[in-house]
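K.L.:
Attaching a single structure in structure tokens format; questions to follow.
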Amino acid sequence: MKHDDGRPAAEDPSPTAEGTEGARGAGSAPAEPEVIEQRGRYADEMAVGQVYLHRPGRTLTEADNVLFTTLTMNPQALHLDHAFAQSQPFGKPLMNSMLTLSTLIGLSVGQTTQGTLVAQLGLGEISFPHPVFPGDTLYARSTVTAIRESSSRPGQRIVTFDLEGTNQDGAVVAKAQRTCLMWTRQAHRAAESDA
Numbered sequence: 026m027k028h029d030d031g032r033p034a035a036e037d038p039s040p041t042a043e044g045t046e047g048a049r050g051a052g053s054a055p056a057e058p059e060v061i062e063q064r065g066r067y068a069d070e071m072a073v074g075q076v077y078l079h080r081p082g083r084t085l086t087e088a089d090n091v092l093f094t095t096l097t098m099n100p101q102a103l104h105l106d107h108a109f110a111q112s113q114p115f116g117k118p119l120m121n122s123m124l125t126l127s128t129l130i131g132l133s134v135g136q137t138t139q140g141t142l143v144a145q146l147g148l149g150e151i152s153f154p155h156p157v158f159p160g161d162t163l164y165a166r167s168t169v170t171a172i173r174e175s176s177s178r179p180g181q182r183i184v185t186f187d188l189e190g191t192n193q194d195g196a197v198v199a200k201a202q203r204t205c206l207m208w209t210r211q212a213h214r215a216a217e218s219d220a
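Numbering (the numbering used here), first residue to last: 26 to 220.
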């Protein structure tokens, strides 16, 4: 039997679950456990055109809306006053658009910038083409549109993402361009070892 790359199966250097268990004995722990750190991707692991689908989604509630709106001192009646909102074109309260945007960015962090971000440099081209209501579920998608070396920070790159959010019906509810200063793997490891 041969692998897709032509190597005979007997030369496979990767341990199988069965082989690993047999070497240690059933139920025994490995001598040194494999440590897996959850993180985003380093800039040198990304490529222009890559698309990240961020799951699971997040269902926004009326409580989320009231809390975020009051925490940010936004007295907009469209978010807080049901009677007023019923008299407006959408006929019900709207989710605060900044909560929508913040949630979409939050959904993207785990796959893209968790532990690999130096700084968020900016947000641009923000739009909200469809309303979001309490009870809607948001899903996020990030597309890498540009990567370049930082001219002032060796070992770091500037990565630009197009962020798009959809609701449970697939309607696009928000778009933004997100620009981040990010580590490369080698530079980040060197910085951590110097610390």
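Here a beta-carbon is modelled for each residue, glycine too, at the ideal position from N, C-alpha and C.
From this set, T94, R182, M123, A110, which residue's C-alpha is nearest G190's C-alpha?
P.N.:
As a working note, residue 190 is residue 165 in the sequence shown. Checked all of T94, R182, M123, A110; the closest Cα to G190 is M123.
K.L.:
Is it right to say D219 is buried, meaning 16 or more other beta carbons lie within 10 angstroms of its own, or is it exposed?
P.N.:
Within the sequence shown, numbered from 1, the residue matching residue 219 stands at position 194. With fewer than 16 other Cβ atoms within 10 Å, it is exposed.
K.L.:
Return the bridge partner residues of V197 from the DSSP annotation.
P.N.:
Along the sequence shown, one-based indexing puts residue 197 at 172. V197 pairs with T191.
K.L.:
Give me the DSSP bridge partner(s) of L221.
P.N.:
What is shown of the chain runs 26 to 220, which leaves residue 221 out entirely.
K.L.:
Please classify I172: does DSSP put it in a helix, a strand, or coil?
P.N.:
Taking the first residue of the sequence shown as position 1, residue 172 is located at position 147. The answer is strand: DSSP assigns I172 an E or B state.
K.L.:
Which runs of the alpha helix (DSSP H) spanning at least 4 residues fall entirely within the stretch 55-82, listed in chain order?
P.N.:
For the stretch 55-82, not a single whole alpha helix (DSSP H) run of length 4 or above is found.
K.L.:
DSSP three-state call for F93: helix, strand or coil?
P.N.:
On the sequence shown, residue 93 is found 68 positions in, with the first residue counted as 1. F93: helix per DSSP, three-state reduction.
K.L.:
Between the alpha carbons of V157 and I151, how many angstroms are there, rounded?
P.N.:
The count along the sequence shown starts at 1 and reaches residue 157 at position 132. The count along the sequence shown starts at 1 and reaches residue 151 at position 126. Spanning the two alpha carbons is a distance of roughly 15 Å.
K.L.:
Assign L85 to buried or exposed, taking buried as 16 or more other Cβ atoms, counted over all protein chains shown, within 10 Å of its Cβ.
P.N.:
Counting from one through the sequence shown, the residue named residue 85 turns up at place 60. With 16 or more Cβ atoms within 10 Å of its Cβ, L85 is classed as buried.
K.L.:
Quick one: grab the DSSP three-state call for Q101.
P.N.:
Here residue 101 refers to the residue found at position 76 of the sequence shown. Q101 falls in the coil class under three-state DSSP.
K.L.:
For A165, does the three-state DSSP call read helix, strand or coil?
P.N.:
Position 140 of the sequence shown, counted from the first residue, corresponds to residue 165. The answer is strand: DSSP assigns A165 an E or B state.
K.L.:
Determine the direct distance from the alpha carbon of Q63 to that of W208, and round the result to whole angstroms.
P.N.:
One-based indexing of the sequence shown puts residue 208 at position 183. One-based indexing of the sequence shown puts residue 63 at position 38. So the two alpha carbons sit approximately 16 Å from each other.
K.L.:
Here's the rule: buried if 16 or more other CB atoms are within 10 angstroms of the residue's CB, otherwise exposed. What is H107?
P.N.:
Translated into positions along the sequence shown, residue 107 becomes position 82. Its Cβ having fewer than 16 others within 10 Å, H107 is exposed.
K.L.:
Do you know how far the Cα of G140 is from the Cα of R214?
P.N.:
The residue you call residue 214 lines up with position 189 of the sequence shown. The residue you call residue 140 lines up with position 115 of the sequence shown. Cα to Cα, the separation comes out at about 12 Å.
K.L.:
Among the candidates P100, V60, R203, A102, whose CA atom is the shortest distance from the CA of T168?
P.N.:
Along the sequence shown, one-based indexing puts residue 168 at 143. It is R203.
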